[in-house]
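Every letter in the sequence shown is one number past the one before it in our numbering, and letter 60, counting from 1, is 108. Written below as structure tokens is the structure these notes are about.
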Amino acid sequence: MKCSKKLLIGTLLLTALLVNMASPASAYQYNGRYWHQGYAQYTKDSSIPSSWSTPLASAANTWNNAGTNFFFYQISCNNKLYYKLLGDISILAVTHEVYSGDSMLSCTVDFNKDFGALWSTSGEQYHYDVQNVATHEFGHWLSLGDLYTSADTEKTMYYTISLGETKKRTLHSDDIAGIQSIY
Ligand SMILES: [Zn+2]
Numbered sequence: 049m050k051c052s053k054k055l056l057i058g059t060l061l062l063t064a065l066l067v068n069m070a071s072p073a074s075a076y077q078y079n080g081r082y083w084h085q086g087y088a089q090y091t092k093d094s095s096i097p098s099s100w101s102t103p104l105a106s107a108a109n110t111w112n113n114a115g116t117n118f119f120f121y122q123i124s125c126n127n128k129l130y131y132k133l134l135g136d137i138s139i140l141a142v143t144h145e146v147y148s149g150d151s152m153l154s155c156t157v158d159f160n161k162d163f164g165a166l167w168s169t170s171g172e173q174y175h176y177d178v179q180n181v182a183t184h185e186f187g188h189w190l191s192l193g194d195l196y197t198s199a200d201t202e203k204t205m206y207y208t209i210s211l212g213e214t215k216k217r218t219l220h221s222d223d224i225a226g227i228q229s230i231y
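Structure follows, in structure tokens:
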């Protein structure tokens, strides 16, 4: 009888420990790479519509203002943003990473031209907002991964994007915790 009571307490403690361990892991997903120089250069390919310049810069600046020493800056370089036909309407945009060990070497983003007139820079209804999507993709440049649970829906790194959505333009406290844990 006494033994079984002890066992029960032991089980409860273990459960509490597992819950505590699980909660920081779900706040953000860090995939382990970072820009060793502490900044990432990026540039727009000529395929990017000129009206996208301001929303793209705003997306980068959102991460620049997250209270770390990391900085995205625009300069002629190989880390390009492209607007191209991907032939796949299940993908709105994709970040391609080149890394070696824990060192992020290069990133590019393809914004899917298959969506054509569905792209918008003003957050209008029934359209995909450029800044909303770009802020999420720049999160991937930081090696932050997609989040999938119902607790993550308000975060910039949540994996899906809805028509008319603009909430990913602004970082959630957990997205900020993510970049702050790296830089
Ligand atoms: Zn993603």
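Just so you know, even glycine gets a beta-carbon here, dropped at the ideal spot from N, CA and C.
In three-state DSSP terms, what is residue i?
| i | result |
| --- | --- |
| H188 | helix |
| D200 | helix |
| T156 | strand |
| L129 | strand |
| Q77 | coil |
| S221 | helix |
| S229 | helix |
| L166 | helix |
| Q179 | helix |
Between the beta-carbon of residue i and the beta-carbon of residue j, is there less than 8 Å?
| i | j | result |
| --- | --- | --- |
| T91 | C125 | yes |
| Y78 | G226 | yes |
| S219 | T102 | A small fix is needed here, since residue 219 is Leu in this sequence, not Ser. Contact: no. |
| A80 | N117 | Inspection of the sequence shows that residue 80 is occupied by Gly rather than by Ala. No, the pair does not count as a contact, with Cβ atoms beyond the cut-off. |
| Y76 | D223 | yes |
| T214 | G171 | yes |
| L134 | N113 | no |
| W189 | A105 | no |
| Y82 | D150 | yes |
| N180 | K203 | no |
Would you say the beta carbon of residue i is closer than 7 Å to some non-hydrogen atom of ligand 3?
| i | result |
| --- | --- |
| A105 | For the structure depicted, ligand 3 is absent and the ligand set comprises only ligand 1. |
* Asked: With distances taken from each beta carbon to the nearest heavy atom of ligand 1, which residues come in below 6 Å, in chain order?
  -> Cβ atoms closer than 6 Å to ligand 1 belong to H184, H188, D194, Y207.
* For the segment 201 to 210 and the segment 79 to 98, state whether three or more C-beta atom pairs, one from each stretch, are separated by less than 8 Å. => No: the two stretches stay apart, fewer than three of their Cβ pairs being nearer than 8 Å.
* Taking three-plus beta-carbon pairs below 8 Å as touching, is the segment 136 to 145 in contact with the segment 178 to 190? -> These segments touch.
* Could you name each continuous alpha helix (DSSP H) segment of 4 residues or more that falls completely within the segment 80 to 151, going from the start of the chain to the end? => With a minimum length of 4 residues, the continuous alpha helix (DSSP H) runs that stay inside the segment 80 to 151 are 101 to 112.
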